[in-house]
Every structure is written in C-alpha cells, then in structure tokens.
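**Student:**
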Amino acid sequence: MWTGGDRKKKEEEKKEHACGWKTGDEGTLQSSPPNFKQHVTEQSRLSDRMSRRLTRTYQLYSRTSGKHVQVLANKRVNANGDDGAVHGRKTHYIMTSQKTSKLEVETDSFGSRVRIKGVKTGYYICMNKRGKLIGKRKGRGKDCIFTEIVLENNYTALQNAKYEGWYMAFTRKGRPRKASKTKQHQREAHFMKRLPRGHLLSDRRPFDVLPLPVPVQPLSRRTKHSHHQRSGGR
1 MWTGGDRKKK EEEKKEHACG WKTGDEGTLQ SSPPNFKQHV TEQSRLSDRM
51 SRRLTRTYQL YSRTSGKHVQ VLANKRVNAN GDDGAVHGRK THYIMTSQKT
101 SKLEVETDSF GSRVRIKGVK TGYYICMNKR GKLIGKRKGR GKDCIFTEIV
151 LENNYTALQN AKYEGWYMAF TRKGRPRKAS KTKQHQREAH FMKRLPRGHL
201 LSDRRPFDVL PLPVPVQPLS RRTKHSHHQR SGGR
C-alpha cells in the first residue's frame, strides 16, 4: 500500500515529467535535453496543409529494368517507360511510353515525403494493403505518399508512408514486385532521378556573346603634348 509520502512523491514526478524538468541529486530542478530526433520524426510524419506545395517533373530510372517508372491509363504501374525524346522513327508505343514516363512529384511535408503522379494520365502512384502498386485519381491518403531515402550508392529508395518497411520495387521485366517482400538494400527498390533526354537542350537558352572591350592605350608624353596643342592649350 502507498503511504501519503509516496503518493506526493509520485505526483511531483508526474508534474516534473510534464514540464520537462527532473530533480537532481541535491533536490534542484534540472531541465532534460530536448529530443530533436523524435521531434523531426514526428514533424516529418505530418502532412503540410499550410505551405504551397513544391512540384518537380522528372523520371524515375529503375536500376533493375533499365527503364523508367510510368503510370498507364488503365491505372497500372510498371518500369518499362522510355527515356524522353527518341531520335529517329517514332512508333505509337514509343510516343505513348515517353509521355507516361514523365512524373510530377509533389512535396507533402517538411521531410522527404512526396506524392508521385503521372503527368500524362494524372494518376497518383499508390500502394494497397496487399503491397501492389496502383494508380489513383486522388492521392490524399497515406497509401499514396512515399518517403525518399537517399542511399550510400546515390540511388533513392521509396518507402510507403502507410506501410512502413514496404518499398516501391520492380523486377527486371519492369513488373511491380510485391512490397511485403522488398528490402531497402535490394536492387529492385533502387531508383535514380533523371530529366527526360533532350529536356536540358530544349529549355536551355544560349549564352549571349558579348564583344570584348577595346583596350585603352596609355598616352605617352609626345601624345599628350600634341593633344594639348590641338586643344589650344586648354
């Protein structure tokens, strides 16, 4: 059974814990150091509804398939998209594949959480409870949010925000791999951000050629004397 002194001591400990203070050895109150890692983790999990969203347009190159992630009109997601503008003859498949491989990436929070949408189809890349990648018209849910993780080999892994430990991954044939069987270190879950081929050349403006300045020769004593005579000694 608790005595009156034990209850009083327990209540004081609760108050100190709530205020972020703890009692030292000599009975003095000391402030506990803030847990910044926990604060950053909690803030990164929250969606930012106040700030303007930043959007970027690029492609996601799959390390295993050698092609790019794309969202098709039938809401299927694969990694068989071609890279940007293809020189030479263009078939209907290549033209369609170029357009569907362009992705619009929206920031969701102060951390590295993003939403990924196909530019051509307008579908967001989402993940269902079975670990399958699907396209959705509205990507507000956590199943449509991915956390970008930059790896030591400079590739990027995309972990789903709702199903932690499940990653976006594709096989060598570009088919989606079941997310429950994916790991961060696997090649199937490694991607590289790339601009479409020819994108830089079309958007880059040429440098203006500026004429070189004419060098000014210093006046010699004879030149100064003749110039003084022409000006009438002024």
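Position 79, counted from 1, in the sequence shown is what full-length UniProt numbering calls 79; the numbers after and before it change by one each time, with no gaps. Even glycine gets a Cβ: it sits at the ideal position worked out from N, Cα and C. These numbers were taken from a predicted model, which means no experiment stands behind them.
Does DSSP classify residue 177 as helix, strand or coil?
**Tutor:** coil
**Student:** Measure the C-alpha to C-alpha separation of residue 138 and residue 163 and round it to an integer number of angstroms.
**Tutor:** Their Cα atoms are separated by approximately 18 Å.
**Student:** By the 10 Å Cβ neighbour count, where 16 or more other Cβ atoms means buried, how is residue 178 classified, buried or exposed?
**Tutor:** Its Cβ having fewer than 16 others within 10 Å, residue 178 is exposed.
**Student:** Just mark residue 184 as buried or exposed, buried being the case when its beta carbon has 16 or more other beta carbons within 10 Å.
**Tutor:** exposed
**Student:** Among all the DSSP beta bridges, which residues are the ones paired with residue 155?
**Tutor:** Looking at the DSSP assignment, residue 155 forms no beta bridge with any residue, so it has no partner.
**Student:** Give every residue of the same chain whose Cβ lies closer than 8 Å to the Cβ of residue 153, excluding the five residues on either side of it in the sequence, and list them in chain order.
**Tutor:** 190
**Student:** So, at 6 Å on beta carbons, what are the nonlocal neighbours of residue 69 in its own chain, with the 5 sequence-adjacent residues on each side left out?
**Tutor:** 60, 79
**Student:** Assuming residue 100 contacts residue 54 under a Cβ cut-off of 8 Å, what Cβ separation, rounded to an integer in Å, is found between them?
**Tutor:** Actually they do not touch by this definition, with Cβ atoms about 23 Å apart.
**Student:** Skipping 5 residues on each side, what residues in its chain have a beta carbon closer than 6 Å to that of residue 212?
**Tutor:** Model confidence at residue 212 stands at a pLDDT of 48, short of 50, so the residue's coordinates are unreliable; what they give is reported in the following sentence. None.
**Student:** With DSSP collapsed to three states, give me the class of residue 187.
**Tutor:** helix
**Student:** Can you tell me whether DSSP reads residue 142 as helix, strand or coil?
**Tutor:** helix
**Student:** For residue 146, collect the residues of the same chain with a Cβ closer than 8 Å to its Cβ; drop the 5 residues on either side in sequence, then sort them by chain order.
**Tutor:** 113, 114, 115, 116, 125, 158, 159, 160, 161, 168
**Student:** State buried or exposed for residue 122, treating a residue as buried only when at least 16 other CB atoms are found within 10 Å of its CB.
**Tutor:** With a 10 Å radius around the Cβ and a threshold of 16 neighbouring Cβ atoms, residue 122 comes out exposed.
**Student:** Please state the DSSP three-state secondary structure of residue 90.
**Tutor:** Here the model assigns residue 90 a pLDDT of 44, short of 50, so the residue's position is not dependable, and the following value carries that caveat. If DSSP states are grouped into helix, strand and coil, residue 90 belongs with coil.
**Student:** Which residue comes first and which comes last in the beta strand (DSSP E) that contains residue 79?
**Tutor:** 77-81
**Student:** Taking its Cβ as the centre, do 16 or more other Cβ atoms sit within 10 Å of residue 66, making it buried, or is it exposed?
**Tutor:** exposed
**Student:** Going along the chain, which residues of its own chain have a beta-carbon closer than 8 Å to the beta-carbon of residue 166, five neighbours each way excluded?
**Tutor:** 127, 131, 159, 160, 179, 180, 182
**Student:** When we look at the beta-carbon of residue 151 and count the other beta-carbons within 10 Å, is it buried (16 or more) or exposed?
**Tutor:** exposed
**Student:** In three-state DSSP terms, what is residue 100?
**Tutor:** helix
**Student:** The beta strand (DSSP E) with residue 62 in it runs from where to where?
**Tutor:** 55-62
**Student:** In chain order, what residues of the same chain have a beta carbon less than 6 Å from the beta carbon of residue 193, not counting five sequence neighbours either side?
**Tutor:** 58
**Student:** Check residue 168 in the structure and name its three-state DSSP category.
**Tutor:** coil
**Student:** Could you work out which residue in 76, 148, 195, 133 is closest to residue 109 when comparing CA atoms only?
**Tutor:** 148
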